[in-house]
Amino acid sequence: MKKVGFDSMLFTSLLLSLLLLFIVQSFMANVAFCQTYDVNGDGKVDILDILVWANAFGTVNGEEGFNPAVDVNSDNVIDIMDAVLISLHFGE
Ligand SMILES: [Ca+2]
Ligand SMILES: [Ca+2]
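Residue numbers (my numbering): 6 to 97.
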């Protein structure tokens with residue numbers, strides 16, 4: 006039983022490491038692409054941009070409903086990372 010506990014802890018650590026790596030990569034991708042976070046183009050980053058994100062949430066490039074403007078980390082998936090990145094620029 007102890008071994009199972011250790012394995013799940015190792016697994017959790019691995020997941021956290023991957024998440025951290027993913028976040029760092031997302032930020033670097035953003036710097037490279039100079040993506041705008043004002044996804045609806047009204048001049049500021051606010052809750053309306055999050056609503057635009059929510060409408061496209063869960064879609065991948067090529068699917069109906071996919072909005073490339075909301076894919077701010079350019080990974081061809083509209084997921085929580087895009088919302089996090091938009092949120093980080095909230096009010097700009
Ligand atoms: Ca906006
Ligand atoms: Ca994305």
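In this text, a Cβ means the ideal position worked out from N, Cα and C, and glycines have one as well. Note that this is a predicted model, so its numbers are computed, not measured.
Those residues which DSSP pairs with residue 89 across a bridge: The partner list for residue 89 (beta bridge, DSSP) is empty, contrary to what the question assumes.
Between the segment 80 to 91 and the segment 14 to 34, do three or more beta carbon pairs fall short of 8 angstroms? Touching, yes, given that three or more Cβ pairs across the two stretches are closer than 8 angstroms.
Residue of 16, 68 and 46 minimising C-alpha distance to residue 91: Of the candidates 16, 68 and 46, the residue whose Cα lies closest to the Cα of residue 91 is 46.
Are residue 61 and residue 71 closer than 9 angstroms when you measure CB to CB? For the 9 angstroms CB-CB criterion, residue 61 and residue 71 form a contact.
For ligand 2, any of its heavy atoms closer than 8 angstroms to the Cβ of residue 72? If you check the C-beta of residue 72 against ligand 2, you find no heavy atom less than 8 angstroms away.
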